[in-house]
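Residue numbers (the numbering used here), protein chains in the order written: chain E, 1 to 434; chain P, 1001 to 1303.
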């Protein structure tokens, strides 16, 4: 180890166009990475003498992308995904940091498991930040030891996969989280209203004979949580995978009232609607479900006007045998880390004319702020040497057979997309190059 | 994989001309004058859910055309041991099934089967989704009594939300320009039901539904599928039960239909069930020739 530490290598990313929204840079710049840090950012050809040079001509150079919401399935469900395979897929999607959800087997609800996630044996190729369970075994009854988990490096708490339903528990979580400056991530679903439901409640679910999850089942929980966040001093609420126009209204109100409320949206919710599922194809089944066209419009508007804090994938790998079955019985969730940027560029930039800088912000500084990931999300001198290089014009076809994820459950197989990751740099080392 | 030719997964995507072709052929079928159109064929009846009418009807239809029928029910088979839908499908295909008739509690199960198994799959009812053979036999019943679909109005009263029969009926009748009025309380007849097909409308008032109707189709309140919905049954009876007095609001020559099983005293009174306008047993009877046509079509013998 000692020898390796002494080995000083520097990497110069040269000739690219740097978009670093937090640093207000949108210009041709060279970036020098050294000893795992950003050593210098300067106008083209000013920096000389690096051990290694990456030619980024014609490409966008951005701070390393951060995904606030992935399921790496470890510990316990390695047949779906492992930290090694999930982070390899993330790297291919341009993500240099991922925050992994605790709904594993067992649930990550202790300091030991948070530390376990970080051990080198896991084989992570990008930074993995653990989100700890908010309640013991995510059963919703007793809060976990927030203080110890926070100290151990957990970046947030969540019972994702399930909501924190009980009013009293949610209040306690926000109070304690507020004291520690610890975000509470809510999977907003009133499960009392969604029993046996497998898609969004609307004309399509009625036609298909599938019980539908109403928008109200999400919006009512978000409304309650925003109210709590407005009442409790310093409380930090982060709404995971927000999918409905009504929930968005609550979040907007909370933000206007200066409550510390942040939220993420997923690429599939801004790309697809409930009308897109055909022939009971369970690769369109996820929770929250694909919503109505008007919900998607509301989300697109919030992406354009700067209300959305982050794009997160909710990467949720499942084995084929858990998906190729009756739609109502199939597992919820789709993979997402490899298609996120391309969907954002294709749908948000090219179709909706949202500037690239805004999109980069949603993958970098935005998510870094949500979970206080210090030293990440911007390439200022001294920041972590995490960089994503992509070609915003490159057309390509996503082929799930070539996915690095262990699982293949995606509705985007065969999609022609624009915008492709060219290189992913973590800690100054290239971990993926196309 | 595309479903095998001859599959019948639902009415929604079936052409009107194909529906008429099936009905025309059904008129020529008679179980009492057997025709060996399916001689030596194996018809697998895969029933994941209880059924009396549909199962026996398919069985008699298949046998009267010379086919062997094999009944597999969830209880007492490998399904009970946790075998997946597709594995059961691959197994019955390997055993030598020529046609799979499937009844399943989950919407879309026949689609999943048809996408993976290379023999015709016939949907005998999937969850809340569709029940195409019932819609076809109901269409046959309507045509026998009304001669044509032209200008007809059909009232469907009761638990539309949980009814695959209602969904299939709406799709079918709509293709022929029939006016369809769905009637019941909002829990059972959500407003969104009117989006099902052109010509479908929702009303809460039984008089409104019956006025001008040529056909009154009643549905059972499916207590087993309510899952949490609270339906006030006495209130339902008071507002929607079909009684002789109510039936007078419909056209004089209106017929009463019901896919069964009927619950006397709930959605209809005995006077209605046994009355002169009821066609409930005729529906059951016509189910056999209709299903003969469906099975013959599955094997490409509907000529």
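Where is the CB? At the ideal position from N, CA and C, for every residue including glycine.
Distance cutoff 7 Å, beta carbons only. Does residue 1123(P) sit that close to anything in chain E? no
Residues sharing a beta bridge with residue 396(E), DSSP: 417(E)
When you compare the CB of residue 325(E) with every CB in chain P, is at least one pair closer than 7 Å? yes
So which residues on chain P does residue 279(E) lean against when the C-beta distance must stay under 8 Å? 1108, 1111, 1115
Under a CB-based cut-off of 7 Å, is residue 203(E) close to chain P? yes
For the candidate residues 134(E), 217(E), 210(E), 150(E), whose alpha-carbon lies nearest to that of residue 184(E)? 134(E)
Can you check whether the CB of residue 337(E) is closer than 7 Å to the CB of residue 173(E)? no
Runs of alpha helix (DSSP H) wholly within the stretch 1074-1116 of chain P (minimum 4 residues, chain order): 1085-1095, 1109-1116
Select from the stretch 1065-1085 of chain P all residues with a C-beta closer than 7 Å to any C-beta belonging to chain A, and list them in chain order. Absent here is chain A; the protein component of the structure consists of chains E and P.
Looking at the unbroken alpha helix (DSSP H) that takes in residue 971(P), where does it start and where does it end? Nothing can be reported for residue 971(P), as the shown portion of chain P is limited to 1001 through 1303.
Can a CB atom of chain P be found closer than 7 Å to the CB of residue 436(E)? No answer is possible for residue 436(E): it lies beyond the span of chain E, which begins at 1 and ends at 434.
Below 7 Å CB to CB, which residues in the same chain sit around residue 257(E) once its five sequence neighbours on both sides are set aside? 230
With a cut-off of 7 Å, does the C-beta of residue 206(E) fall near any C-beta of chain P? yes
At 4 residues or longer, and completely inside the stretch 279-327 of chain E: list those alpha helix (DSSP H) runs for me, N to C. 293-304, 320-323
Which of the three DSSP states is assigned to residue 426(E) in this structure? strand
Residues in its own chain within less than 6 Å of residue 260(E) by CB, not counting five upstream and five downstream? 236
Below 8 Å between beta carbons is the criterion; list the residues of the stretch 1187-1204 of chain P that meet it against any residue of chain E, in chain order. 1190, 1192, 1193, 1195, 1196
Less than 7 Å between CB atoms is the rule here; does residue 328(E) satisfy it with respect to chain P? yes
For a cutoff of 7 Å on Cβ pairs, would you count residue 1286(P) as touching chain E? no
Quick check on residue 1129(P) - is its C-beta less than 7 Å from some C-beta in chain E? yes
For residue 250(E), does the count of other Cβ atoms within 10 angstroms reach 16, so buried, or fall short, so exposed? buried
Buried or exposed by the 16-neighbour rule on C-beta atoms within 10 Å, applied to residue 148(E): exposed
Which residues in chain E have a C-beta closer than 8 Å to the C-beta of residue 1164(P)? List them in chain order. 209
Taking only the alpha-carbon atoms, compute the straight-line gap between residue 351(E) and residue 98(E) and give it to the nearest angstrom. 27 Å
Just the Cα atoms here: how many angstroms apart are residue 94(E) and residue 20(E)? 15 Å
What residues in its chain sit with their C-beta under 7 Å from that of residue 114(E), if we drop five residues either side in the sequence? 108, 130, 132, 149, 152, 153, 154
In three-state terms, what does DSSP make of residue 1179(P)? strand
Pull up the CB-CB distance for residue 1138(P) and residue 1221(P), whole angstroms please, since I reckon it's below 8 Å. Going by Cβ atoms, the distance from residue 1138(P) to residue 1221(P) rounds to 19 Å, so no, they are not a contact pair.
Around the C-beta of residue 325(E), are 16 or more other C-beta atoms found within 10 angstroms, so that it is buried, or is it exposed? buried
Does DSSP put residue 1243(P) in a helix, in a strand, or in coil? coil
Which bits of chain E does residue 1167(P) rub up against, with CB to CB less than 8 Å? 207, 209
Do residue 1135(P) and residue 1011(P) have their C-beta atoms within less than 7 Å of each other? yes
Can you tell me where the beta strand (DSSP E) holding residue 1256(P) begins and where it ends? 1255-1257
Closest Cα partner of residue 192(E) within the set 170(E), 210(E), 220(E): 220(E)
Is the stretch 424-433 of chain E close to the stretch 289-302 of chain E, with three or more CB pairs under 8 Å? no
For residue 1032(P), which of helix, strand or coil comes out of DSSP? coil
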